[in-house]
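A quick write-up on the structure given underneath.
Protein chains: 2
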Amino acid sequence: MARAGLTAERLAQGGADLADEIGFEQVTVAGLARRFKVKPASLYFHVRSSADLKARVALVALAELADRASEAVAGRSREAALAALGNAYRNYAHEHPGRFAAMQLRLDSETAARSDGPRHTRLMRAILREYQLSEADQTHAVRLLGSTFQGYVSLELSGSFSHSEPSSNESWEHIIHGLHILLQNWQVRQPDTANNRE
Amino acid sequence: MARAGLTAERLAQGGADLADEIGFEQVTVAGLARRFKVKPASLYFHVRSSADLKARVALVALAELADRASEAVAGRSREAALAALGNAYRNYAHEHPGRFAAMQLRLDSETAARSDGPRHTRLMRAILREYQLSEADQTHAVRLLGSTFQGYVSLELSGSFSHSEPSSNESWEHIIHGLHILLQNWQVRQPDTANNRE
DNA sequence: TCTTTTGCCTACGACTATTAGGTTACGTGC
DNA sequence: GCACGTAACCTAATAGTCGTAGGCAAAAGA
């Protein structure tokens, strides 16, 4: 019987494809084995466990998205760069919902350190450098952008925005623009001009 | 043999507690049955399936958090209300990580409509009313706040912010303040004052 | 006290993860 | 071209999961 030619990389790739098709939560060792026309036990010569397999899918997604985001941002600055980065995240998530879900997986710290996660952070910092923030504010801003992008796309994919007007696309554009404005005014501590209620 | 006195409500409550202890993903029918010193099959007289059980846990969490958030926001306005709402979310997630994770579960639309999800939206809109946004902008802002809160807390719980300075608390405060500033300036379409690169 | 309801149990089938140990295809040295 | 050794894949087995069918007994009502 001819061999299937399994490797950890091909399994991770196949797992990522499977995740996009049936959802990351539904990815199983048995299911992936079926996809490669192989018995489940065979996978254990290439990945340590089901958790290991899922982590590898997450790493594939992180790397792919980092590549895409870098390309998208290249040659752009400030609001255009911000929009390009946000759209890279959002488009990737829409095209590859399973891979995107995998990226939310909590990786142990050593795996996280060896992942492409830091590339994402560096890319954001590169964009933020143009907004002239202090070192600490830059970190706050990285966290804000990461939170908002991840949160928005998660909610959008889970259907939270699909049953109400205006369209999600519209909100997304407003939010990107809003974040740009916020970054411009970050250091300015405007007083709350509101009067107390009534 | 004395009966355990199971009901759908008690199971949902027990499932929520179990989720906080071992993680929402790890909640199983079998595990919950052990917790009630009952055989797994018995649970099926009160919940339809494992998915049904998890959805009920999500509903419990949505209701609890809506209660907390309402109380926290009562009597506050603008930035104070925004901070109270955000802190209600964040504190709830820290105290009840399993319940919080349950809230991210995708509910089918009829269950979602009957849930306390709309209460969350109404509460946000009440706060946003004080920022004098247009109807559409108010929706955009609801989506921004929801995304940012949910995204920030998710990333924080997954440990993304715990291995770097400054502290997550600091970022959180800056982000709340930043959102307030953004809401104040929402309608103002400031031109991008940046020159093109070099 | 007898009957009915219903809450919980036993038993089972189908699926998953994972390990142990056997077999066979393939590349390498002769 | 052939034997050999390694590694790729297999069979078999254990254990844990969800979910269904049918039985028994406790609680509630007459």
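Chains A and B, in that order, give the protein sequences. Reminder that position 1 of the first sequence reads as 1 in my numbering, one-by-one numbering, no gaps. Reminder that position 122 of the second sequence reads as 320 in my numbering, one-by-one numbering, no gaps. From the three backbone atoms N, C-alpha and C, an ideal C-beta is built for every residue, glycine too.
When the cut-off is 9 Å and only beta carbons count, does residue i lie next to chain A?
i: B:Asp-314; result: no
i: B:Ala-392; result: Residue confidence for B:Ala-392 is low, a pLDDT of 42 falling below 50, so the modelled location carries little weight and cannot support an answer.
i: B:Pro-295; result: no
i: B:Ser-268; result: no
i: B:Leu-400; result: Outside the displayed span of chain B (199 to 396) sits residue 400 of chain B, for which this structure offers no information.
i: B:Asp-218; result: no
i: B:Leu-257; result: no
i: B:Asp-335; result: yes
i: B:Phe-222; result: no
i: B:Gly-376; result: yes
i: B:Ser-362; result: yes
i: B:Gly-284; result: no
i: B:Tyr-287; result: no
i: B:Thr-346; result: yes
i: B:Glu-308; result: no
i: B:Asn-342; result: Looking at the sequence provided, one finds Leu at residue 342 of chain B rather than Asn. True, the Cβ-Cβ gap to chain A drops below 9 Å.
i: B:Gly-229; result: no
i: B:Ser-248; result: no
i: B:Lys-353; result: Note that residue 353 of chain B is Leu in the sequence shown here, rather than Lys. Yes - at least one Cβ of chain A is within 9 Å of the one on B:Leu-353.
i: B:Ser-240; result: no
i: B:Phe-234; result: no
i: B:Gly-203; result: no
i: B:Glu-262; result: no
Can you find a C-beta in chain B that's less than 9 Å from the C-beta of residue i?
i: A:Arg-197; result: Residue confidence for A:Arg-197 is low, a pLDDT of 36 falling below 50, so the modelled location carries little weight; the figure read from the coordinates is stated next. It does: the Cβ of A:Arg-197 has a partner Cβ on chain B nearer than 9 Å.
i: A:Phe-100; result: no
i: A:His-46; result: no
i: A:Asn-185; result: yes
i: A:Ile-175; result: yes
i: A:His-94; result: no
i: A:Gln-190; result: With a pLDDT of 43 at A:Gln-190, under the threshold of 50, the modelled position of that residue is not reliable, and the figure given next carries that caveat. Taking Cβ atoms only, chain B reaches closer than 9 Å to A:Gln-190, which makes this a yes.
i: A:Gly-15; result: no
i: A:Arg-106; result: yes
i: A:Glu-9; result: no
Which residues mark the beginning and the end of the alpha helix (DSSP H) in which residue i is found?
i: B:Arg-246; result: Where B:Arg-246 is concerned, there is no enclosing alpha helix (DSSP H), given that its DSSP letter is neither H nor E.
i: B:Gln-348; result: 333-355
i: B:Asn-367; result: 366-382
i: A:Val-29; result: 29-35
i: B:Gly-284; result: 276-293
i: B:Ala-324; result: 315-326
i: A:Ser-109; result: 109-114
i: A:Leu-18; result: 8-22
Could you check how far apart the C-beta atoms of residue i and residue j are, in whole angstroms? I think they sit under 8 Å.
i: A:Val-153; j: A:Phe-100; result: 7 Å
i: B:Ala-264; j: B:Arg-317; result: 4 Å
i: B:His-338; j: A:His-174; result: 4 Å
i: A:Gln-150; j: B:Leu-381; result: The pair is not a contact, with the Cβ atoms about 21 Å apart (cut-off 8 Å).
i: B:Leu-283; j: B:Ile-325; result: 6 Å
i: B:Leu-241; j: B:Ala-249; result: Not really, about 13 Å apart at Cβ, beyond 8 Å.
i: A:Tyr-92; j: A:Arg-125; result: Incorrect: roughly 20 Å between the Cβ atoms, too far for contact.
i: A:Thr-148; j: B:Ser-345; result: 5 Å
i: B:Leu-251; j: B:Leu-303; result: Not confirmed; about 11 Å, so no contact.
i: A:Ala-74; j: A:Val-38; result: Not confirmed; about 40 Å, so no contact.
i: B:Ser-144; j: A:His-163; result: Lying before the first or after the last residue shown, residue 144 of chain B is absent from chain B, which here runs from 199 to 396.
Give every residue of the same chain whose Cβ lies closer than 6 Å to the Cβ of residue i, excluding the five residues on either side of it in the sequence, and list them in chain order.
i: B:His-378; result: Glu-277, Leu-280
i: A:Glu-130; result: Ser-77, Arg-78
i: B:Ala-228; result: Pro-238
i: A:Arg-90; result: Val-153
i: B:Ala-270; result: Ala-282, Ala-286
i: B:Val-225; result: Gly-213, Leu-216, Ala-217
Can you list, in chain order, the residues of its chain whose CB lies under 7 Å from that of residue i, leaving out five sequence neighbours each side?
i: B:Ser-268; result: Leu-321
i: A:Leu-107; result: Ala-55, Ala-58, Ser-115
i: B:Ile-374; result: Leu-280, Ala-281, Gly-284
i: B:Thr-319; result: Val-340
Closer than 8 Å to a non-hydrogen atom of the ligand HEM - does that hold for the CB of residue i?
i: B:Ser-360; result: With respect to the ligand HEM, the structure shown offers nothing to examine, as it has no ligands at all.
Closer than 8 Å by C-beta to residue i: which residues in its own chain qualify, once you throw out the five before and the five after it? Chain order, please.
i: B:Gly-212; result: Leu-230, Arg-233, Phe-234
i: B:Asp-335; result: Trp-384, Gln-385
i: B:Gly-221; result: Pro-295, Gly-296, Ala-299
i: B:Thr-205; result: His-244
i: A:Met-103; result: Ala-58, Ala-61, Leu-62, Leu-65
i: A:Glu-25; result: Ala-101
i: A:Arg-189; result: Residue placement at A:Arg-189 is flagged as unreliable, the pLDDT there being 48, under the threshold of 50; the coordinate-derived value follows with that caveat. Hits under 8 Å: none found.
Count the C-beta pairs between the segment 3-21 of chain A and the segment 39-58 of chain A that are closer than 8 Å, then say yes if the count reaches three, no if not.
-> yes
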